[in-house]
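Colleague:
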């Protein structure tokens, strides 16, 4: 068997396994005769929930055996100022992607802030190791192409949880892919085409994890369903990021007459 | 030492720039036309009580939970929140199950939030604005400023006007509505047990038992740093 044939064969096998898991991993759609259940199913918008849960558990496993120990070690051994410099350095590297998305969203004020931050922190902030820009009135903010798509009215799509990458519904997955093209680091060849982006991904992941050790622990231990909690947290945080941190009073659920005794469940109430 | 001096000399012009910027940016945004000062005062008062309970090192866990439960009982619309968290399954429980659920829910919420709020002991909450939502609801924006230089956390309070006063319905912390988060977990548990309401009751009991057996980091005293 030639090498090519062997690879093709392995590829076909993998595809079969993935397909089988995906088919087995479909959530059962509720009976159409139960409108409340159907509406709730559509709101949850997680048609491949069993598969997502499988990857979620896989990530939790990887977290327990690799990421969490490394992050705990990192937090314990590296002093705070050094870790903050790592964070500032990573944030500064994100500037081109944030600037591109600020501009695509027509947020010229925020694009100006991003450009100023990059200029100030790269020079006065010694290549981004310090963040004097925040003190000068240019605070850090985040943008990505997933958010840009959202401001162009692209819906999020069904929930998708991927190994390593975590929650990435189609819109945010597409955004993530596009952001790689905006990112100058993608084109840096050092010791191999992927060395720099992969190193950045790993350091960024360890740093973020080290900053959330306690928070994630608490959420896990205080959740009746950790997977569903993370799904809700992810979606709510994305909505918040897309709205640039402005909590809207208009999109809140109607709770005026909600109680156990008189009101129909909210899921049944006609919305149109 | 020389590096420190370098930093200092580098910071002098920076400080000058900051002063210049502060004078231009310094004016605060004007208050919204439909602000609700009474709601702001209410939130300020209740949040101070909550922070006081969480920061009180003379209390043990039971004492802290009891005080927090009393604070929630008088100031939050617990029945409505409990109903909201059931989502599509509001009609599912039998009357007995409903009563048990309400009791467990109160207990669960106290245990969860005494734990999750332990980070905020000795911190200060500053009200930043408010707006009325219809005739009977109000949103109050606030910010927790940390003494250790951590980035401020934005907190929004959703209140209902009731009997001339206010009742808390939900709290939004950095963009996440807590009751919505609970609702998605609760409905998911019931859904994954084929609509069986007792599954939720069992999960709540389990969580409460775990908290009582000390599996949760609960006290302000244990959160060093």
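Protein chains in written order, with my numbering: chain A, 1 to 272; chain B, 1001 to 1225.
Positions of the beta carbon are idealized from the N, C-alpha and C atoms, including for glycine.
So, is residue 177 of chain A buried or exposed, given that buried needs 16 or more other C-beta atoms within 10 angstroms?
Modeller: Exposed, since its Cβ has fewer than 16 Cβ neighbours within 10 Å.
Colleague: Using only the alpha-carbon positions, how far apart do residue 1092 of chain B and residue 253 of chain A sit?
Modeller: Cα-Cα distance, rounded: 20 Å.
Colleague: Whose Cβ in chain B lies nearer than 9 Å to the Cβ of residue 258 of chain A?
Modeller: Under the 9 Å cutoff, chain B gives 1080, 1083, 1084 and 1090.
Colleague: For a contact meaning CB atoms closer than 7 Å, what does residue 1188 of chain B contact in chain A?
Modeller: Within 7 Å Cβ-Cβ: 225 and 228.
Colleague: Please report the straight-line C-alpha distance between residue 162 of chain A and residue 58 of chain A, rounded to a whole angstrom.
Modeller: For residue 162 of chain A and residue 58 of chain A, the distance between alpha carbons rounds to 9 Å.
Colleague: For residue 231 of chain A, which residues in chain B fall below 7 Å Cβ to Cβ?
Modeller: Within 7 Å Cβ-Cβ: 1184.
Colleague: If we call anything under 8 Å between Cβ atoms a contact, is residue 218 of chain A one with residue 1115 of chain B?
Modeller: Yes, these two residues count as a Cβ contact at 8 Å.
Colleague: On a CA-only basis, which of A:36, A:32, A:49 and A:26 is nearest residue 167 of chain A? Give me that one, please.
Modeller: Considering only alpha carbons, the answer is A:49.
Colleague: Can you find a CB in chain A that lies within less than 8 Å of the CB of residue 1062 of chain B?
Modeller: Closer than 8 Å: no.
Colleague: Name the residue from B:1038, B:1074 and B:1124 whose alpha carbon lies nearest to the alpha carbon of residue 1148 of chain B.
Modeller: Checking every option, the nearest Cα to that of residue 1148 of chain B belongs to B:1124.
Colleague: Can you have a look at residue 62 of chain A and say buried or exposed, based on whether 16 or more other CB atoms are within 10 angstroms of its CB?
Modeller: The residue in question, residue 62 of chain A, is exposed, as its Cβ has fewer than 16 Cβ neighbours within 10 Å.
Colleague: Do the CB positions of residue 301 of chain A and residue 182 of chain A come within less than 8 Å of each other?
Modeller: No statement about residue 301 of chain A is possible, as the shown extent of chain A runs from 1 to 272 and does not include it.
Colleague: Skipping 5 residues on each side, what residues in its chain have a beta carbon closer than 6 Å to that of residue 138 of chain A?
Modeller: The answer, listed in chain order, is 113, 116 and 117.
Colleague: In whole angstroms, what separates the C-alpha of residue 269 of chain A from that of residue 105 of chain A?
Modeller: Because the pLDDT at residue 269 of chain A is just 41, under 50, the model does not fix this residue reliably, and the value given afterwards should be weighed accordingly. Their backbone Cα atoms lie some 35 Å apart in a straight line.
Colleague: To the nearest angstrom, how far is it from the Cα of residue 70 of chain A to the Cα of residue 206 of chain A?
Modeller: Those two C-alpha atoms are separated by around 7 Å.
Colleague: Which residue's Cα is closest to the Cα of residue 225 of chain A: B:1209, B:1203 and B:1165?
Modeller: It is B:1203.
Colleague: Runs of 4 residues minimum, wholly inside the segment 91-144 of chain A: which ones carry the alpha helix (DSSP H) assignment?
Modeller: Counting whole runs of 4 or more residues, the segment 91-144 of chain A contains the alpha helix (DSSP H) stretches 95-104, 108-123 and 132-135.
Colleague: Would a C-beta distance cut-off of 8 Å place residue 1167 of chain B and residue 1077 of chain B closer than the cut-off?
Modeller: Yes. Within cutoff.
Colleague: Anything in the segment 1150-1161 of chain B with a Cβ closer than 9 Å to a Cβ of chain A? List those residues in chain order, please.
Modeller: Flagged, chain order: 1151, 1154, 1156, 1158 and 1160.
Colleague: Quick one: grab the DSSP three-state call for residue 1177 of chain B.
Modeller: The answer is strand: DSSP assigns residue 1177 of chain B an E or B state.
Colleague: Provide the residue span of the beta strand (DSSP E) that contains residue 1125 of chain B, from first to last.
Modeller: 1124-1133 is the span of the beta strand (DSSP E), which, as asked, contains residue 1125 of chain B.
Colleague: Quick check on the burial criterion: 16 or more other C-beta atoms within 10 angstroms. Buried or exposed for residue 140 of chain A?
Modeller: It is buried - the Cβ of residue 140 of chain A has at least 16 other Cβ atoms within 10 Å.
Colleague: Can you say whether residue 1087 of chain B is buried or exposed, counting buried as having 16 or more other CB atoms within 10 angstroms of its CB?
Modeller: Buried, by the Cβ-count rule.
Colleague: With burial defined as no fewer than 16 other Cβ atoms inside 10 Å of the residue's Cβ, what is the status of residue 198 of chain A: buried or exposed?
Modeller: Classification of residue 198 of chain A: exposed, given that the 10 Å Cβ count is below 16.
Colleague: By the criterion of Cβ-Cβ separation under 7 Å, what are the contact partners of residue 255 of chain A in chain B?
Modeller: By Cβ distance, chain B contributes 1080, 1084 and 1169.
Colleague: Please determine whether the Cβ atom of residue 185 of chain A lies at a distance below 7 Å from any heavy atom of the ligand SAH.
Modeller: This structure simply doesn't include the ligand SAH, nor any ligand for that matter.
Colleague: Please classify residue 210 of chain A as buried or exposed, where buried requires at least 16 neighbouring CB atoms within 10 angstroms.
Modeller: Classification for residue 210 of chain A: buried.
Colleague: Applying a beta-carbon distance threshold of less than 9 Å, which residues of chain B neighbour residue 245 of chain A?
Modeller: Under the 9 Å cutoff, chain B gives 1154, 1174 and 1175.
Colleague: Given 8 Å as the limit, is there contact between the segment 231-251 of chain A and the segment 147-164 of chain A, that is, 3 or more CB pairs closer than that?
Modeller: Yes, the segment 231-251 of chain A touches the segment 147-164 of chain A.
Colleague: For chain A, check one thing: does any of its Cβ atoms lie closer than 8 Å to the Cβ of residue 1203 of chain B?
Modeller: Yes, residue 1203 of chain B lies at the interface with chain A (some Cβ there is under 8 Å from its Cβ).
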